[in-house]
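Per this note's numbering, the very first residue in the sequence shown carries number 933; after that it's consecutive.
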Amino acid sequence: MLNSSGLNLKSGKLLLVLMILIAGGLLLKVEQLADTKPMYTFQCAAETYEVQDENPLPFKKSTMNLKVTEDNGQLSLRYLSSVAGFNDETAEITGVLSELSVSELMYHYQLQLTDLDVSNGHLADYLRHELNIDLLTLNQSFKQDIQVLEMDLAQNYLIIKFLPNNTLWACDLV
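Here it is in structure tokens:
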């Protein structure tokens, strides 16, 4: 005959095992969904201002656009920088997902600079900072971490952060 404390102990262990199995199953499902999601394309835009040392005026204003396309682990980043009085600058970076940290929504990519047209240096300076690389050269390979800070597909937006330099982009789903 079982006493009530033995029954409670067995029930508690059974409940703990059941909770661990459910949590593990949910984690596997989230990872599976993250690994098999459909193609997403986001359009991001920002204005940048370049201030000269101690004199804040005049400043140079530019428009920066980023188109992000992610398709089952394949990533494409297309940058466009427009500065009044200068030719537009462009860069394209492509690569593959090397690791996904589901708990942090952190995507680790192996990327390659596949197209680069920088005539006035503004985009090149920006990319060196955002991608944390010293020198931009065509076909250059590098690693990049991108974290999804917020995503709402119903509202069609995404906020991402490039690490380690913490540059942020707010984007609209295209």
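For glycine and all other residues, C-beta sits at the position ideal for the given N, C-alpha and C.
Quick check: the Cα distance between S1013 and C976, rounded to an integer number of angstroms?
Position 81 of the sequence shown holds residue 1013. Position 44 of the sequence shown holds residue 976. Cα-Cα distance, rounded: 12 Å.
Taking E1021 as part of the beta strand (DSSP E), name the residues at either end of that continuous run.
Residue 1021 sits at position 89 when you count from the first residue of the sequence shown. Unbroken beta strand (DSSP E) run through E1021: E1021 to S1033.
Check whether the stretch 1029 to 1040 touches the stretch 1050 to 1070, taking contact to mean three or more Cβ pairs, one atom from each stretch, closer than 8 Å.
Below 8 Å, too few C-beta pairs join the stretch 1029 to 1040 and the stretch 1050 to 1070 to call them touching: fewer than three.
Can the beta-carbon of M996 be found less than 8 Å from the beta-carbon of A978?
Taking the sequence shown and counting its residues from 1, the one referred to as residue 996 is at position 64. Taking the sequence shown and counting its residues from 1, the one referred to as residue 978 is at position 46. Taking 8 Å as the Cβ cut-off, M996 and A978 qualify as a contacting pair.
Since I believe I1091 is in contact with I1078 (beta carbons under 8 Å), could you give me their beta-carbon distance rounded to a whole number of angstroms?
Along the sequence shown, one-based indexing puts residue 1078 at 146. Along the sequence shown, one-based indexing puts residue 1091 at 159. Not really, about 11 Å apart at Cβ, beyond 8 Å.
Using 8 Å as the threshold, is the C-beta distance between I1025 and L998 below it?
Taking the sequence shown and counting its residues from 1, the one referred to as residue 1025 is at position 93. Taking the sequence shown and counting its residues from 1, the one referred to as residue 998 is at position 66. I1025 is not a Cβ neighbour of L998, given a cutoff of 8 Å.
Excluding the 5 residues preceding and the 5 following E1036 in the sequence, name in chain order all residues of the same chain whose CB lies nearer than 7 Å to its CB.
For the purposes of this step, residue 1036 is identified with residue 104 of the sequence shown, where counting begins at 1. Only Q1079 meet the Cβ criterion.
Residue range of the unbroken alpha helix (DSSP H) whose run includes L1063
Translated into positions along the sequence shown, residue 1063 becomes position 131. For L1063, the enclosing alpha helix (DSSP H) has its first and last residue at H1054 to L1063.
How about L1073 and Q1042: do their beta carbons lie closer than 8 Å?
Counting from 1 along the sequence shown, the entry for residue 1073 is found at position 141. Counting from 1 along the sequence shown, the entry for residue 1042 is found at position 110. Reading the sequence as shown, one finds Ser at residue 1073 and not Leu. In contact: S1073 and Q1042 (Cβ atoms closer than 8 Å).
Quick one: Cα of E1062 to Cα of N1097, how far?
The residue labelled residue 1062 in the question sits at position 130 within the sequence shown. The residue labelled residue 1097 in the question sits at position 165 within the sequence shown. Going by the C-alpha atoms only, they are around 6 Å apart.
Whole angstroms are fine: how far does the CA of V1028 sit from the CA of N1004?
On the sequence shown, position 72 is the one that residue 1004 refers to. On the sequence shown, position 96 is the one that residue 1028 refers to. Their backbone Cα atoms lie some 9 Å apart in a straight line.
Whose C-beta lies closer than 8 Å to the C-beta of N1071 among residues of the same chain, with five residues either side of it excluded?
As a position in the sequence shown, residue 1071 is number 139, starting the count at 1. Cβ neighbours of N1071 beyond the five flanking positions: Q1044, L1045 and T1046.
Spatial neighbours of D1066 within its chain, please: CB distance less than 8 Å, with the 5 preceding and 5 following residues excluded, ordered by chain position.
Position 134 of the sequence shown, counted from the first residue, corresponds to residue 1066. Only R1060 meet the Cβ criterion.
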